[in-house]
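If you're matching them up, the sequences are chains A and B in order.
So for the first sequence, the working numbering puts the first residue at 13; every next one is plus one.
So for the second sequence, the working numbering puts the first residue at -2; every next one is plus one.
Backbone N, C-alpha and C fix where the C-beta goes; we use that ideal spot for every residue, glycine too.
None of these values were measured; they are calculated from a predicted model.
Please read the structure below before turning to the comments.
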Amino acid sequence: MLYLQLFLSFFKIGLFGFGGGLAILSLIQHEVLTYGWMTEQEFVDIVAISQVTPGPIGINCATYVGYTATQSVWGSALATGAMILPGLIIMLVVCKIYLVLSTRFAENVYFQNTLRYLRFAVLGLIAAAALLLITPATFIDNWSIILFAAVFVLTILPQLVHSKQPAANKFITTISHPILLIILAGLAGYFIYH
Amino acid sequence: MLPLIQREVVDYRHWIGETEFLNMIALAQAAPGLIAVNSAIFIGYQVGAKHLPPTKGRVLSRMYPYLTVCAAVLGAVLPSFVIILAIAMVFQQYSSLPSVEAVMKGVRPAVVALIAAPLLRMAMKANNPKPFRDGGILLLSWSLVAALLIWLAGVSPVYIIVATIVLALAVTFIGERQRTMKANDTSGANPK
């Protein structure tokens, strides 16, 4: 039954997962917390690991959730496969008719508007994912708030600061890299809490 | 991810052309699922359909694009799958160590910030190419309502996606009908 539910949930995530990794994160979060496959804390840990390891965040999350929920490699494979399946079916149909629609599909006003509206819905999804993670499990004390603020500011720094020196811009882009920021936050955590 | 795919598939292997690659991005983003995996499916299919193996079997040549799709998908998924699986197995054993727990205590708020931070840039991008025109403000308030519904009322994001698609189609339908009616009016008002 657990495997069936896992398949259905990740099939649903694959089918309605528009707008890239972070939006899919919000769908995974909802399913995971609804069925109690893991705690909020474990979910945040998984997201952190997905961010620092290579590959699409969605795949990383599905693999990890599948393993944690079932304690088996097959659960991992099932969750990942189920998430890919809807896209696979739809993309194969699209590839079949690609030559017919290649020039015209992009100009269709219904298609264009739906994509535009979905981009806004995805904003809401990601905002909700972040809001749902602000819990006593993740924000344990004032240090958490400081770390949150520091990482937030460093991440949006390239958009705020436009230096005339290319070297300065390169430095800003380097220090705003998510992997570096997670490693730094981990180091900070080690020195604060250990 | 996409620049990497482009360098390998377009510049180095010449499997698909520049225009095809741009079409691929549009399709991979429009279809549900992960963009990297959808791109792999597209490329796998194109390669299989164009570069048939020199055999006479009709069944094989028909199946060939599906085989290349399978190969491309496995290639896109397997590295992450193996790495994450290994980490999942190891991490569970060590996650209760005090030092690991201390590191994760620092990482968790950072992850929340990393999820929230791209919102500003995405909001700007969603309003492209006409910033805050064509109902951009209304759509932004829909983003806000969606966030609140999921956050406070526990609504599934799936319903938000479905509602958004229905809303977009309905608004477009009404807009298009008004436009054709207006076009009919003006043509009726100005007879030859």
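Check whether the Cβ of residue i lies closer than 8 Å to any Cβ atom in chain B.
| i | result |
| --- | --- |
| T51/A | no |
| K182/A | no |
| A91/A | no |
| I168/A | yes |
| L20/A | no |
| Q17/A | no |
| Q8/A | Chain A is shown from 13 up to 206; residue 8/A falls before or after that span and cannot be answered. |
| L14/A | no |
| A200/A | yes |
| G87/A | no |
| T80/A | yes |
| I194/A | yes |
| P176/A | Inspection of the sequence shows that residue 176/A is occupied by Lys rather than by Pro. Output row for K176/A: interface = no. |
| I102/A | yes |
| I187/A | no |
| A94/A | no |
| F23/A | no |
| I109/A | no |
Can the beta-carbon of residue i be found closer than 8 Å to that of residue j?
| i | j | result |
| --- | --- | --- |
| R131/A | G33/A | no |
| A37/B | V70/B | yes |
| I96/A | Y76/A | no |
| A113/B | I102/A | no |
| V79/B | I40/B | no |
| V64/A | I191/A | yes |
| L164/B | Y122/A | no |
| A139/A | A150/B | no |
| L49/B | Y63/B | no |
| F22/A | A91/A | yes |
| R118/B | Q177/A | no |
| T169/B | N125/A | yes |
| F28/A | V44/A | no |
| G87/A | A81/A | yes |
| L31/B | G70/A | yes |
| W148/B | L143/A | yes |
| L145/A | V109/B | yes |
| G132/B | N124/B | no |
Throw me the rounded Cβ distance for the residue i and residue j pair, which I believe falls under 8 Å.
| i | j | result |
| --- | --- | --- |
| G136/A | M101/B | About 28 Å; that fails the 8 Å criterion. |
| I22/B | N72/A | Rounded, the Cβ-Cβ distance is 22 Å, inconsistent with contact. |
| G198/A | V104/B | 5 Å |
| Y205/A | A107/B | Not a contact, Cβ separation roughly 14 Å. |
| A25/B | N35/B | 4 Å |
| Y79/A | A180/B | About 58 Å; that fails the 8 Å criterion. |
| S140/B | A133/A | 7 Å |
| I184/A | L169/A | 5 Å |
| L146/B | I157/B | 7 Å |
Using 8 Å as the limit for Cβ to Cβ distance, is residue i near chain A?
| i | result |
| --- | --- |
| R118/B | yes |
| V104/B | yes |
| K189/B | Any reading at K189/B is ruled out, since the residue's pLDDT is 44, under 50, leaving its predicted position unreliable. |
| E173/B | yes |
| I112/B | yes |
| W12/B | no |
| M178/B | no |
| P0/B | no |
| S93/B | no |
Going along the chain, which residues of its own chain have a beta-carbon closer than 8 Å to the beta-carbon of residue i, five neighbours each way excluded?
| i | result |
| --- | --- |
| T51/A | A149 |
| A141/A | L34, L37, S38, Q41 |
| T167/A | S188, P190, L193 |
| V85/A | Y79 |
| F160/A | F151 |
Please work out which residues of its chain come closer than 7 Å, Cβ to Cβ, to residue i, disregarding the five sequence neighbours upstream and downstream, and give them in chain order.
| i | result |
| --- | --- |
| G99/A | G26 |
| V163/A | L193, A197 |
| I171/B | none |
| P154/B | I147 |
| V173/A | I184 |
| W12/B | V6, I40, Q43, V44 |
| I2/B | S36 |
Grab me the residues of residue i's own chain with a C-beta within less than 6 Å of its C-beta, minus the 5 sequence neighbours each way, in chain order.
| i | result |
| --- | --- |
| A33/B | M(-2), A73 |
| A120/B | none |
| P95/B | none |
| T65/B | G41, V44, G45 |
| T16/B | none |
| V56/B | none |
Residues of the stretch 140 to 156 of chain A in Cβ contact with chain B at a cutoff of 7 Å, in chain order, please. A140, A141, A142, L143, L144, L145, I146, T150, F151, I152, S156
- With 8 Å as the limit, tell me which residues of the stretch 50 to 75 of chain A have their beta carbon closer than that to any beta carbon of chain B; keep them in chain order. Q53, V56, D57, V59, A60, I61, S62, Q63, T65, P66, G67, P68, G70, I71, N72, T75
> Looking at chain A, which residues of the stretch 23 to 41 of chain B have a Cβ within less than 7 Å of any of its Cβ atoms?
Replying inline: A23, L24, A27, A28, P29, G30, L31, I32, A33, V34, N35, I38, F39
Notebook entry, point to check: Using a beta-carbon distance cut-off of less than 9 Å, what residues from the stretch 29 to 47 of chain A approach chain B?
Noted result: G29, F30, G31, G32, G33, L34, A35, I36, L37, S38, L39, Q41, H42, E43, T46
To be precise: take each residue of the stretch 122 to 138 of chain A, compare its Cβ to all Cβ atoms of chain B, and keep it if any distance is under 8 Å. Which residues remain?
Y122, F123, N125, T126, L127, R128, Y129, L130, R131, F132, A133, V134, L135, G136, L137, I138
| task | Closer than 8 Å, Cβ to Cβ, to anything on chain A: give me those residues from the stretch 74 to 91 of chain B, in chain order. | result | V74, P76, S77, F78, I80, I81, L82, I84, A85, M86, F88, Q89
For the stretch 132 to 144 of chain B, enumerate the residues whose C-beta is nearer than 8 Å to any C-beta of chain D, in chain order. Any reference to chain D falls outside this structure, whose protein chains are A and B.
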